[in-house]
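Asks:
Number of protein chains: 2
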Amino acid sequence: MPRRRVSPDRILAAAAAEFADRGFAGARVDRIARRARVNKAMLYYHFKSKQRLYRTLLRRVFTRAGERLLAIAAGAAPPRDKVDEAIAVFATLVREHPFLPSVMLREVAEEGAHLDRETLTTLARVPRAFAAIVAEGIAAGAFRDLDPIAAYFTIVAPIVFFQASAPIRRELSAMRLMPPASDSSDLFVRHMQESIRRAFAPDATQKRSPR
Amino acid sequence: MPRRRVSPDRILAAAAAEFADRGFAGARVDRIARRARVNKAMLYYHFKSKQRLYRTLLRRVFTRAGERLLAIAAGAAPPRDKVDEAIAVFATLVREHPFLPSVMLREVAEEGAHLDRETLTTLARVPRAFAAIVAEGIAAGAFRDLDPIAAYFTIVAPIVFFQASAPIRRELSAMRLMPPASDSSDLFVRHMQESIRRAFAPDATQKRSPR
DNA sequence: GTCTATACTTCGATAGAC
DNA sequence: GTCTATCGAAGTATAGAC
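As they're listed, the protein sequences go chains A and B.
Each step along the first sequence adds one to the number in the working numbering, with nothing skipped, and position 53 is 53.
Each step along the second sequence adds one to the number in the working numbering, with nothing skipped, and position 35 is 1035.
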């Protein structure tokens, strides 16, 4: 019989929603406790402070994200396909964890103010894994000469931004201030895959031979 | 003789820095007042509330951004060049107003919670102007078939993200967790221009004739 | 327009019984 | 592990003299 989800997990889930909605500073511990149906003292019993709760949450998600990306990087597919897969994984992660895009956006804006060394290390595995794919592709002549970190942002930023902006885009559409974008995020994923494939392709004029 | 900057302007400048650093919820009115070298009562005298101060600030910047982009859209250059110009303008805006990327990131994450109708209207002029350029390019056969709004995010998100993430990237580099990216934002602008030019190009196999 | 002082509220965190 | 009650700090906003 499926046991009822235990307190710490419920708290983490509630915190994810609250932090996504309001950011670290805007998040209210009372609200998190209420959403999790525990009282505040219980929350402090499990996670010492608002900050530690926040960091625990981030480490969890970025650990999973890093693992998935590393699996792709370690695969045997051609670099072009790995990038396609990476784009799909980013999009999936962002949909599976709706709080991810908001939190990423905010944490970037905040210059990582709430992150400790360990959390930063976990977080950094994601761009590292992606950069490895790009570097491999450049070396193999599958991509033009790119800065792997620049390439990472070229891909991740639109996915995160597009997903996170869905509510505000819907509002602007309702106000007739913006044409409604294709609401299917699948379409956007394909748009990104197609765009990046072209953007990263080596110049067609001459075939580069691996030396 | 250049008169000393008047209070409301100093307050707006200070507010820009504070909101960029901490977000709306994290921003402290006391700090804004101190940064502006006015006292808190003065701030409330000019701008009624923290929220009105915030909105005033955003309307100012997005008004300028919208104007610049509309000027490009109205120009006579070919669509490809207009997009190059738009990319350059976004990058310039983001550098001229260092608070812009943080605030955009946060406002997207917050689903526009602090924005009223008027501010949203001002803000929406930017994607509208850009989408017009893309639509023109598609109609002229200069671009492949794109969702103009998707195209907008494909461009703006990396620029904003890359600029806003500079501090956290520097930290990660210092921790040896990430290779230092080309710090020159000019390089990134050229990367984006080159990438987008390729990403938006129509299929080379067949020339489309305008009907 | 500008200041000091302060009212009022909310929040993060803890004490202590069970 | 779970609760109620509450403290002390910090925050937004205002009153009222100049």
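Ideal Cβ positions, reconstructed from N, Cα and C, are used throughout, including at glycine.
What you are looking at is a predicted structure, and each value in this text was computed from that prediction instead of being measured.
#1: I'd like to know if L187(A) contacts chain B, where contact means its C-beta is closer than 9 Å to some C-beta of that chain.
#2: At a Cβ threshold of 9 Å, is D1030(B) touching chain A?
#3: Can you tell me whether P1008(B) is helix, strand or coil according to DSSP?
#4: Just to confirm, is the Cβ distance from H114(A) to L1146(B) under 9 Å?
#5: Given that V1089(B) touches chain A, what residues does it touch there, using C-beta distances under 8 Å?
#6: Between A1124(B) and L57(A), how many whole angstroms is the CB-CB distance? I'm expecting something under 8 Å.
#7: Does DSSP put V1038(B) in a helix, a strand or coil?
#8: Taking 9 Å as the threshold (beta carbon to beta carbon), is G26(A) in contact with chain B?
#9: Output the boundary residues of the alpha helix (DSSP H) element that contains D186(A).
#10: Counting only Cβ-Cβ distances shorter than 9 Å, please list the residues of the segment 1100–1117 of chain B near chain A, keeping chain order.
#11: Hey, is L57(A)'s beta-carbon within less than 9 Å of any beta-carbon in chain B?
#12: Determine the extent of the alpha helix (DSSP H) in which K48(A) is found, giving its start and end residues.
#13: Taking only the alpha-carbon atoms, compute the straight-line gap between R31(A) and R198(A) and give it to the nearest angstrom.
#14: Select from I1196(B), I1159(B), Q1193(B) and P1167(B) the residue whose C-alpha is nearest the C-alpha of L1093(B).
#15: Given this structure, state the Cα-to-Cα distance separating E194(A) from A151(A), to the nearest angstrom.
#16: Look at P1164(B) and S1102(B) and say whether their C-beta atoms are less than 9 Å apart.
#17: Determine the direct distance from the alpha carbon of V189(A) to that of R170(A), and round the result to whole angstroms.
#18: 9 Å is my cut-off, CB to CB: does H971(B) come that close to chain A?
#19: Quick check: what's the CA-CA separation for R3(A) versus L1105(B)?
#20: So with CB distances below 8 Å, who are the chain B contacts of T154(A)?
#21: Output, in chain order, the set of chain A residues within a Cβ distance shorter than 7 Å of D1147(B).
#22: What residues in its chain sit with their C-beta under 7 Å from that of A181(A), if we drop five residues either side in the sequence?
#23: Which residues bound the alpha helix (DSSP H) around R1080(B)?
#24: Taking C-beta to C-beta, are F1090(B) and V1134(B) nearer than 9 Å?
#25: Roughly how many whole angstroms lie between the Cα atoms of R60(A) and D84(A)?
#26: How would you write the range of the alpha helix (DSSP H) that M104(A) sits in, first residue to last?
#27: Evaluate the contact criterion for the segment 1032–1043 of chain B versus the segment 1011–1019 of chain B: three or more CB pairs, one atom per stretch, below 8 Å.
#28: Give me, in chain order, the residues of the same chain whose beta-carbon lies closer than 8 Å to that of A33(A); leave out the 5 immediate sequence neighbours on both sides.
#29: How would you write the range of the alpha helix (DSSP H) that G141(A) sits in, first residue to last?
#30: DSSP on A33(A), reduced to helix/strand/coil?
#31: At the 9 Å Cβ level, is T121(A) part of the contact set with chain B, yes or no?
#32: Of all the CB atoms in chain B, is at least one closer than 9 Å to the CB of G23(A)?
#33: By a C-beta neighbour count over all protein chains shown, 10 Å radius and 16 as the cutoff for buried, is P1127(B) buried or exposed?
#34: So that I know if they touch, is there some Cβ in chain B lying closer than 9 Å to that of F162(A)?
#35: Looking only at its chain, what residues have a beta carbon closer than 6 Å to the beta carbon of E1018(B), apart from the 5 residues adjacent to it on each side?
Replies: Taking the definition as stated:
#1: yes
#2: no
#3: helix
#4: no
#5: Here the premise fails: no neighbours, minimum Cβ distance about 18 Å.
#6: Not quite, the Cβ-Cβ distance comes to about 33 Å (not below 8 Å), so this is no contact.
#7: Annotated three-state conformation of V1038(B) is coil, per DSSP.
#8: yes
#9: S185 to F200
#10: Legend: CB atoms of the segment 1100–1117 of chain B lying less than 9 Å from CB atoms of chain A belong to residues P1101, S1102, V1103, M1104, L1105, R1106, E1107, V1108, A1109, E1110, E1111, G1112, A1113, L1115 and R1117.
#11: no
#12: DSSP places K48(A) in no alpha helix (DSSP H); its state is neither H nor E.
#13: 46 Å
#14: I1159(B)
#15: 15 Å
#16: Per the sequence presented here, residue 1164(B) reads as Ala, with Pro not at that position. Yes, these two residues count as a Cβ contact at 9 Å.
#17: 18 Å
#18: Nothing in the structure corresponds to residue 971(B), since chain B is present only between 1001 and 1211.
#19: Because R3(A) sits at a pLDDT of 45, beneath the cut-off of 50, its placement in the model cannot be relied upon, and the following sentence gives the value as read from the coordinates. Rounded to the nearest angstrom, the two C-alpha atoms are 39 Å apart.
#20: P1158, H1191, M1192 and S1195
#21: A181, S182 and H191
#22: R169
#23: Counting along the chain, the alpha helix (DSSP H) containing R1080(B) begins and ends at P1079 to E1096.
#24: no
#25: Taking the straight line from one Cα to the other gives about 24 Å.
#26: Residues F99 to A109.
#27: yes
#28: I11, A14, N39, K40, M42 and L43
#29: Here G141(A) belongs to no alpha helix (DSSP H), and DSSP marks it neither H nor E.
#30: Secondary structure of A33(A) (DSSP, three-state): helix.
#31: yes
#32: yes
#33: buried
#34: Interface criterion met: the Cβ of F162(A) is under 9 Å from a Cβ in chain B.
#35: Excluding the 5 residues flanking it on each side, E1018(B) has same chain C-beta neighbours closer than 6 Å at A1027, R1031 and I1032, in chain order.
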